[in-house]
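Peer 1:
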Amino acid sequence: MSTTVAKNGVHIATSMREAAAMLADLGEAGEAIAGGTWIMRAPDRDVPAHRQYVVLKHVPELFGVSVADSVDIGAMTTHTELGGIEAGPALSGIRQAARESAFPQVRNVATVGGNIRAIGFAEADLVPAMLAARARLELTSPTGTSEEDIGDYLATRHSRPAGELIGRVRVPAPKGRASAFERLTVRATGEYPIVNVAVSVDIDDSVVRDARIAVGSVEPVAKLCVSASQALIGHRLGDSAAVDAAGVEAAGELTSREGLDAPGWYRLAVLPALIRRAIARIDLSSA
Amino acid sequence: MSYSFSVNGQEVDIESPGLRPLLSVLRDDLGLLGAKLGCGEGRCGACTVLVDDAPVAACLYPVANADGSDVRTVEGLARHDSELTAVQDALLTHGGVQCGACIPGVVMTLTALLDQDARPEDSEVRSALAGNICRCTGYQKIVDAAMAATETNGDPR
Numbered sequence: 001m002s003t004t005v006a007k008n009g010v011h012i013a014t015s016m017r018e019a020a021a022m023l024a025d026l027g028e029a030g031e032a033i034a035g036g037t038w039i040m041r042a043p044d045r046d047v048p049a050h051r052q053y054v055v056l057k058h059v060p061e062l063f064g065v066s067v068a069d070s071v072d073i074g075a076m077t078t079h080t081e082l083g084g085i086e087a088g089p090a091l092s093g094i095r096q097a098a099r100e101s102a103f104p105q106v107r108n109v110a111t112v113g114g115n116i117r118a119i120g121f122a123e124a125d126l127v128p129a130m131l132a133a134r135a136r137l138e139l140t141s142p143t144g145t146s147e148e149d150i151g152d153y154l155a156t157r158h159s160r161p162a163g164e165l166i167g168r169v170r171v172p173a174p175k176g177r178a179s180a181f182e183r184l185t186v187r188a189t190g191e192y193p194i195v196n197v198a199v200s201v202d203i204d205d206s207v208v209r210d211a212r213i214a215v216g217s218v219e220p221v222a223k224l225c226v227s228a229s230q231a232l233i234g235h236r237l238g239d240s241a242a243v244d245a246a247g248v249e250a251a252g253e254l255t256s257r258e259g260l261d262a263p264g265w266y267r268l269a270v271l272p273a274l275i276r277r278a279i280a281r282i283d284l285s286s287a
Numbered sequence: 001m002s003y004s005f006s007v008n009g010q011e012v013d014i015e016s017p018g019l020r021p022l023l024s025v026l027r028d029d030l031g032l033l034g035a036k037l038g039c040g041e042g043r044c045g046a047c048t049v050l051v052d053d054a055p056v057a058a059c060l061y062p063v064a065n066a067d068g069s070d071v072r073t074v075e076g077l078a079r080h081d082s083e084l085t086a087v088q089d090a091l092l093t094h095g096g097v098q099c100g101a102c103i104p105g106v107v108m109t110l111t112a113l114l115d116q117d118a119r120p121e122d123s124e125v126r127s128a129l130a131g132n133i134c135r136c137t138g139y140q141k142i143v144d145a146a147m148a149a150t151e152t153n154g155d156p157r
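Sequence order for the protein chains is G and Z. Residue 227 in UniProt numbering sits at position 227 of the first sequence; the count goes up by one each step and never skips. Residue 83 in UniProt numbering sits at position 83 of the second sequence; the count goes up by one each step and never skips.
1) For K57 (chain G), report the span of its alpha helix (DSSP H) as first-last.
2) Give the DSSP-derived three-state secondary structure of Q98 (chain Z) in the structure shown.
3) Grab me the residues of V106 (chain G)'s own chain with a C-beta within less than 6 Å of its C-beta, minus the 5 sequence neighbours each way, in chain order.
4) Rounded to whole angstroms, what's the CA-CA distance from G114 (chain G) to R170 (chain G)? Just pull it up for me.
5) Would you mind giving the Cβ-Cβ distance between T150 (chain Z) and T109 (chain Z), rounded to the nearest angstrom? I have them listed as a contact below 8 Å.
6) Let me confirm a value: R157 (chain Z) is counted as buried when at least 16 other C-beta atoms fall within 10 Å, else exposed. Which label applies?
7) Taking only beta-carbon atoms, is A6 (chain G) less than 7 Å away from chain Z?
8) Give me the Cα-Cα distance between M1 (chain Z) and S179 (chain G), rounded to the nearest whole angstrom.
9) Which of the residues in the region 89 to 116 of chain G, read from start to end, lie with their CB under 7 Å from any CB of chain Z?
10) Is it true that the region 28 to 42 of chain Z meets the region 98 to 105 of chain Z, where meeting means three or more beta-carbon pairs spaced less than 8 Å apart?
11) Flag this pair as yes or no: are the beta carbons of A148 (chain Z) and A90 (chain Z) separated by less than 7 Å?
12) Is it buried or exposed, T111 (chain G), if we count other Cβ atoms within 10 angstroms and call 16 or more buried?
13) With distance defined between alpha-carbon atoms, name the residue in Z:Y3, Z:V143, Z:D144 nearest to D67 (chain Z).
14) Spell out whether any CB of chain G is found under 7 Å from the CB atom of P104 (chain Z).
15) Unbroken alpha helix (DSSP H) runs of length 4 or more, entirely within the region 204 to 240 of chain G: which are they?
16) Using the Cβ count rule (16 or more neighbours within 10 Å means buried), how would you classify H80 (chain Z)?
17) Check whether the Cβ atoms of A245 (chain G) and H235 (chain G) lie closer than 7 Å to each other.
18) For the region 85 to 105 of chain G and the region 138 to 149 of chain G, state whether three or more C-beta atom pairs, one from each stretch, are separated by less than 8 Å.
19) Would a check of beta-carbon distances place A46 (chain Z) closer than 7 Å to chain G?
20) Hey, is the region 47 to 67 of chain G in contact with the region 198 to 206 of chain G, meaning 3+ C-beta pairs nearer than 8 Å?
21) So, for H79 (chain G): in the same chain, excluding its five sequence neighbours on each side, which residues have a beta-carbon less than 6 Å away from its beta-carbon?
22) Run through DSSP, which three-state label would G74 (chain G) get?
23) Please report the straight-line C-alpha distance between R168 (chain G) and P220 (chain G), rounded to a whole angstrom.
24) Would you say A13 (chain G) and A90 (chain G) are within 7 Å of each other, going by their C-beta atoms?
25) Mind listing the chain G neighbours of P55 (chain Z)? Cutoff is C-beta to C-beta under 7 Å, in chain order.
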């Protein structure tokens, strides 16, 4: 197909196939726009809004949530909708991240797909929650559909092929898994987090058999802290020594960015307390 | 490009760049000056309007995304010849309106809340207002007004 290119042009897609074709046709000049809360602030970040945008709001395949052995989430699902998903404790961290992020007016619009796709958004709350939860992304392009681990996607986010769209986010929700999220902000509500933390654990016979600790807002992209996660395995959830060790390991695994909200050293200094709070928040009663 | 949506029940057809903020269209094209440009980055709530019944920051809402939607602004609540809504009336009665800059956004946030839940708890009112900054009232009078509005919004508490 041929998509007419004009400065700051906006094109409305009505299907995944059409959206992918438009984006492929536009090449590097094209970008999808979901809720728009990140892209609309591009001028505030001194990023010129000179791209061609493909509006996704009228693509029906991007909506809806289904809950089964895994939770299947359309990329256009808003934070408000995500915060209301009725699923087990494996999804608790994602629900908490969605409910506590930003403000109601933004949560009603900002989408999970946009949060994962937003380049330069170190503070995105859903990203560490999705990383900890082992989310996988269904990606659609003009050549077909594929699935990819969110960690792999984030590592190559700045160089994804033109025409590729995040269609769905799939979060496994096996029995025995529980998760939680914590964030530190200057004020109690709203604001970007200085640090955000998500923890997901698999519990068997009261012992942590597997764990994933993901940290956002410290490095430019949220990161899975492997050594910190390992520190929890084999111990009872909440074991004080294991939790302290996880905090130390996490701080050692990260290279903190400087910012106007907080200096780099401060993010690392508060990280162990955030991890401790997140672990304390995990509710095993229905895991 | 042209975008069609309803504003306070009236169909409009807007010729505009798609990334233009809905707030700009409402104020500059349609003369609806209730929603204000405050921070311009979705933090203050002065620009709050309802899109398909949900409060949104109109300063960050691309008009292209409004296509096919139902937009409500403070001007649509009480016409010149009609009574104030319960929310508007309670804000006046309880001294919740001082300089007034934030009030159109506050009114729309509370209107959406009471549309969804006729009897919200105090904590739910405060959570709903987390995205509406007021630098005059200290919020208590606004919360008092919201709780009072619930008395006349469906079943009495």
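Using N, Cα and C, we set each Cβ at its ideal position, and we do this for glycine too. Keep in mind the model is a prediction, meaning the values are calculated, not measured.
Peer 2: Taking the structure as given:
1) The residue labelled residue 57 (chain G) in the question sits at position 57 within the first sequence. Boundaries cannot be given for K57 (chain G), as no alpha helix (DSSP H) includes it and DSSP labels it neither H nor E.
2) On the second sequence, position 98 is the one that residue 98 (chain Z) refers to. Correct three-state label for Q98 (chain Z): coil.
3) On the first sequence, residue 106 (chain G) is found 106 positions in, with the first residue counted as 1. For V106 (chain G), where only same-chain residues beyond five positions count, the Cβ hits under 6 Å are T37.
4) As a working mapping, residue 114 (chain G) is identified with position 114 in the first sequence. As a working mapping, residue 170 (chain G) is identified with position 170 in the first sequence. Answer to the nearest angstrom: the Cα atoms are 15 Å apart.
5) Reading the second sequence from its first residue, position 150 is the one you call residue 150 (chain Z). Reading the second sequence from its first residue, position 109 is the one you call residue 109 (chain Z). No, T150 (chain Z) and T109 (chain Z) are not in contact; Cβ-Cβ is about 14 Å, not under 8 Å.
6) By 1-based counting over the second sequence, the position of residue 157 (chain Z) is 157. Only weak support exists for where R157 (chain Z) lies, its pLDDT of 39 falling under 50; the value from the coordinates is given anyway. Its Cβ having fewer than 16 others within 10 Å, R157 (chain Z) is exposed.
7) Taking the first residue of the first sequence as position 1, residue 6 (chain G) is located at position 6. A caution first: A6 (chain G) carries a pLDDT of 46, below 50, which makes its placement in the model unreliable, though a value can still be read off. Not closer than 7 Å to any Cβ of chain Z, the Cβ of A6 (chain G) fails to qualify, so no.
8) In the second sequence, the residue the question calls residue 1 (chain Z) occupies position 1. In the first sequence, the residue the question calls residue 179 (chain G) occupies position 179. The alpha-carbon atoms of M1 (chain Z) and S179 (chain G) are separated by roughly 45 Å.
9) Result list: F103, P104, Q105, V106, N108, V109.
10) Yes, since at least three Cβ pairs between the region 28 to 42 of chain Z and the region 98 to 105 of chain Z fall closer than 8 Å, the two stretches touch.
11) Start at 1 with the first residue of the second sequence, and residue 148 (chain Z) comes out as number 148. Start at 1 with the first residue of the second sequence, and residue 90 (chain Z) comes out as number 90. Yes. Within cutoff.
12) Within the first sequence, residue 111 (chain G) is the residue found at index 111, counting from 1. So T111 (chain G) ends up on the buried side.
13) For the purposes of this step, residue 67 (chain Z) is identified with residue 67 of the second sequence, where counting begins at 1. Of the candidates Z:Y3, Z:V143, Z:D144, the one whose C-alpha sits nearest the C-alpha of D67 (chain Z) is Z:Y3.
14) Locating residue 104 (chain Z) in the second sequence gives position 104, where the first residue counts as 1. Chain G places no beta carbon closer than 7 Å to that of P104 (chain Z), leaving this residue out of the contacts.
15) Listed in chain order, they are 226 to 232.
16) Position 80 of the second sequence, counted from the first residue, corresponds to residue 80 (chain Z). So H80 (chain Z) ends up on the exposed side.
17) For the purposes of this step, residue 245 (chain G) is taken as residue 245 along the first sequence, with counting starting at 1. For the purposes of this step, residue 235 (chain G) is taken as residue 235 along the first sequence, with counting starting at 1. Cβ atoms of A245 (chain G) and H235 (chain G): not closer than 7 Å.
18) By the Cβ criterion, the region 85 to 105 of chain G is not in contact with the region 138 to 149 of chain G, since fewer than three pairs of Cβ atoms, one from each stretch, lie closer than 8 Å.
19) In the second sequence, the residue the question calls residue 46 (chain Z) occupies position 46. With 7 Å as the cut-off, A46 (chain Z) does not count as an interface residue toward chain G.
20) Result no; under three Cβ-Cβ pairs closer than 8 Å.
21) Mapped onto the first sequence, residue 79 (chain G) falls at position 79. So the list reads A98, S101, R107, A110, once near-sequence residues are dropped.
22) Translated into positions along the first sequence, residue 74 (chain G) becomes position 74. Strand at G74 (chain G).
23) Numbered from 1 along the first sequence, position 168 holds the residue referred to as residue 168 (chain G). Numbered from 1 along the first sequence, position 220 holds the residue referred to as residue 220 (chain G). Roughly 24 Å separates the two Cα atoms.
24) On the first sequence, position 13 is the one that residue 13 (chain G) refers to. On the first sequence, position 90 is the one that residue 90 (chain G) refers to. A13 (chain G) is not a Cβ neighbour of A90 (chain G), given a cutoff of 7 Å.
25) In the second sequence, counting from the first residue as 1, residue 55 (chain Z) sits at position 55. Residues of chain G passing the Cβ test: P104, Q105, N108.
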